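A.B. asks:
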Amino acid sequence: MAAAGELGDDAVAVHADVLDEQTVIDAYKAASLAFGGVDTVVSNAGIASSAPLEDTTLEVWDRNNDILARGYFLVAREASRVLRRQGTGGSIVFIGSKNALAPGKNAAAYSAAKAASLHLARCIAEELGPEGIRVNTVNPDAVLEGSRIWGSKWREERARAYGIAPDELEAHYRARTTLNVNVLPTDIAEAVLFFASPRRAAKSTGNIVNVDGGIALAYPR
Numbered sequence: 013m014a015a016a017g018e019l020g021d022d023a024v025a026v027h028a029d030v031l032d033e034q035t036v037i038d039a040y041k042a043a044s045l046a047f048g049g050v051d052t053v054v055s056n057a058g059i060a061s062s063a064p065l066e067d068t069t070l071e072v073w074d075r076n077n078d079i080l081a082r083g084y085f086l087v088a089r090e091a092s093r094v095l096r097r098q099g100t101g102g103s104i105v106f107i108g109s110k111n112a113l114a115p116g117k118n119a120a121a122y123s124a125a126k127a128a129s130l131h132l133a134r135c136i137a138e139e140l141g142p143e144g145i146r147v148n149t150v151n152p153d154a155v156l157e158g159s160r161i162w163g164s165k166w167r168e169e170r171a172r173a174y175g176i177a178p179d180e181l182e183a184h185y186r187a188r189t190t191l192n193v194n195v196l197p198t199d200i201a202e203a204v205l206f207f208a209s210p211r212r213a214a215k216s217t218g219n220i221v222n223v224d225g226g227i228a229l230a231y232p233r
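Counted the way the numbering used here counts, the sequence shown spans residues 13 to 233.
The following block contains the structure:
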């Protein structure tokens, strides 16, 4: 893939639990020791839940917000500390969701948490911009290929919300887009690469790129 060619193939694996503050701090330390610093942070921890409001338990609500709001906050806060100390600018990219802008039926916990992380990105873009640190969000929708989420009960729950069979989801999502397409992981990667690049997106911060095939309700403006 083009992204791999541009970024190189050196990597180091470290454990980080976005619910555990210390492991997030330690992950940045490990990355800094391995590579001499941090240039780009992609925050992409994910979870999905689907239920009508009356059936949404407090546990489900809290878990969505713990991972998608609190977790994104911890990752961004530590990124800010590292990038500011380095004094060389940088890029933070949040993986958001179409649901951050467009309400998701029977997905209040997920949608509200994604909206929180989207606004967090805007807030920290304003704080970090004067130091050359850019913060942007990529909003995917219905990325079924290669996703373990869609192999779980989430597929059945979303199909039930739309009144269709589970094996009809791909066609359903494709038909509701303006471009009549399904969204693939490589599409998301290309959008992240754009925001990560100091050449391509040097003057972009606080922005959103929707990679959803075109969902009119989610158009930012």
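Cβ atoms here follow ideal geometry from the backbone N, Cα and C, with glycine treated the same way. Keep in mind that this is a model prediction, so the values were computed, not measured.
Can you say whether isoleucine 227 is buried or exposed, counting buried as having 16 or more other CB atoms within 10 angstroms of its CB?
C.D. replies: As a first step, residue 227 is located in the sequence shown; it is residue number 215 there, counting from the start. Result: buried.
A.B. asks: Under three-state DSSP, which class holds valine 30?
C.D. replies: Here residue 30 refers to the residue found at position 18 of the sequence shown. The answer is coil: DSSP assigns valine 30 none of H, G, I, E or B.
A.B. asks: In the DSSP assignment, what residue or residues form a beta bridge with isoleucine 220?
C.D. replies: Counting from 1 along the sequence shown, the entry for residue 220 is found at position 208. Thr149.
A.B. asks: Quick check on leucine 45: buried or exposed, where buried means 16 or more other Cβ atoms within 10 Å of its Cβ?
C.D. replies: For the purposes of this step, residue 45 is taken as residue 33 along the sequence shown, with counting starting at 1. Leucine 45 comes out exposed.
A.B. asks: Which class does valine 53 belong to by DSSP, given the choice of helix, strand or coil?
C.D. replies: Numbered from 1 along the sequence shown, position 41 holds the residue referred to as residue 53. Here valine 53 sits in strand by DSSP.
A.B. asks: When you compare each of Arg186, Val36 and Ala203 to arginine 234 by their alpha carbons, which one comes out closest?
C.D. replies: Because the chain is modelled from 13 through 233, residue 234 falls outside the range shown and cannot be assessed.
A.B. asks: What is the residue span of the beta strand (DSSP E) that isoleucine 59 lies within?
C.D. replies: Stepping through the sequence shown from its first residue, residue 59 is reached at position 47. Taken as a continuous stretch (DSSP letters only), isoleucine 59 belongs to no beta strand (DSSP E), as it is neither H nor E.
A.B. asks: Would you please state the rounded distance, in angstroms, between the beta carbons of aspartate 224 and proline 152? I believe it to be under 8 Å.
C.D. replies: Position 212 of the sequence shown, counted from the start, is the residue given in the question as residue 224. Position 140 of the sequence shown, counted from the start, is the residue given in the question as residue 152. Correct: roughly 7 Å between the Cβ atoms.
A.B. asks: Can you give me the C-alpha to C-alpha distance between alanine 42 and alanine 214, rounded to a whole angstrom?
C.D. replies: The residue you call residue 42 lines up with position 30 of the sequence shown. The residue you call residue 214 lines up with position 202 of the sequence shown. Approximately 27 Å between the Cα atoms of the pair.
A.B. asks: Please state whether the Cβ-Cβ distance between alanine 128 and alanine 57 is less than 7 Å.
C.D. replies: Start at 1 with the first residue of the sequence shown, and residue 128 comes out as number 116. Start at 1 with the first residue of the sequence shown, and residue 57 comes out as number 45. Taking 7 Å as the Cβ cut-off, alanine 128 and alanine 57 do not qualify as a contacting pair.
A.B. asks: Determine the closest residue to proline 142 out of Thr149, Ser92 and Thr190, with distance taken between C-alpha atoms.
C.D. replies: Walking along the sequence shown from the start, residue 142 turns up at place 130. Cα-wise, what sits closest to proline 142 is Ser92.
A.B. asks: Determine the extent of the alpha helix (DSSP H) in which glycine 83 is found, giving its start and end residues.
C.D. replies: Within the sequence shown, the letter at position 71 stands for residue 83. Here the alpha helix (DSSP H) through glycine 83 covers 83 to 98.
A.B. asks: Return the first residue and the last residue of the beta strand (DSSP E) that valine 72 is part of.
C.D. replies: As a working note, residue 72 is residue 60 in the sequence shown. Run containing valine 72: none in the beta strand (DSSP E); it sits in the alpha helix (DSSP H), 70 to 77.
A.B. asks: Taking the CB atoms as reference points, tell me whether glycine 101 and isoleucine 145 lie closer together than 7 Å.
C.D. replies: Working through the sequence shown from its first residue, we reach residue 101 at position 89. Working through the sequence shown from its first residue, we reach residue 145 at position 133. Yes; because the gap between Cβ atoms is below 7 Å, this pair is in contact.
A.B. asks: Return helix, strand or coil for isoleucine 107, following the three-state DSSP convention.
C.D. replies: As a working note, residue 107 is residue 95 in the sequence shown. Strand.
A.B. asks: So if DSSP puts glycine 101 in a beta bridge, which residue, or which two residues, is it bridged to?
C.D. replies: If you number the sequence shown from 1, residue 101 lands on position 89. None, per the DSSP bridge assignment.
A.B. asks: Got a sec, what are the start and stop residues for the alpha helix (DSSP H) tyrosine 185 sits in?
C.D. replies: One-based indexing of the sequence shown puts residue 185 at position 173. Run containing tyrosine 185: 181 to 187, per the alpha helix (DSSP H) assignment.
A.B. asks: Just the C-alpha distance for alanine 14 and asparagine 76, rounded to the nearest angstrom, thanks.
C.D. replies: Walking along the sequence shown from the start, residue 14 turns up at place 2. Walking along the sequence shown from the start, residue 76 turns up at place 64. Model confidence at alanine 14 stands at a pLDDT of 46, short of 50, so the residue's coordinates are unreliable; what they give is reported in the following sentence. Going from the Cα of alanine 14 to the Cα of asparagine 76 covers about 33 Å.
A.B. asks: Excluding sequence positions up to five away, which residues of its chain have a Cβ less than 7 Å from the Cβ of tyrosine 40?
C.D. replies: Position 28 of the sequence shown holds residue 40. Taken in chain order, the residues that qualify are Val50, Glu90 and Val94.
A.B. asks: Just the Cα atoms here: how many angstroms apart are alanine 119 and leucine 205?
C.D. replies: Residue 119 sits at position 107 when you count from the first residue of the sequence shown. Residue 205 sits at position 193 when you count from the first residue of the sequence shown. C-alpha separation (whole angstroms): 29 Å.
A.B. asks: Please state whether the Cβ-Cβ distance between valine 30 and glycine 83 is less than 7 Å.
C.D. replies: Position 18 of the sequence shown holds residue 30. Position 71 of the sequence shown holds residue 83. Cβ distance < 7 Å, so valine 30 and glycine 83 count as in contact.
A.B. asks: May I ask you to report which of helix, strand or coil DSSP gives alanine 46?
C.D. replies: Translated into the one-based positions of the sequence shown, residue 46 becomes position 34. Of the three classes helix, strand and coil, the one that applies to alanine 46 here is helix, per DSSP.
A.B. asks: Looking at proline 115 and serine 109, is the spacing between their C-beta atoms short of 7 Å?
C.D. replies: Within the sequence shown, residue 109 is the residue found at index 97, counting from 1. Within the sequence shown, residue 115 is the residue found at index 103, counting from 1. For serine 109 and proline 115, no; Cβs fall outside 7 Å.
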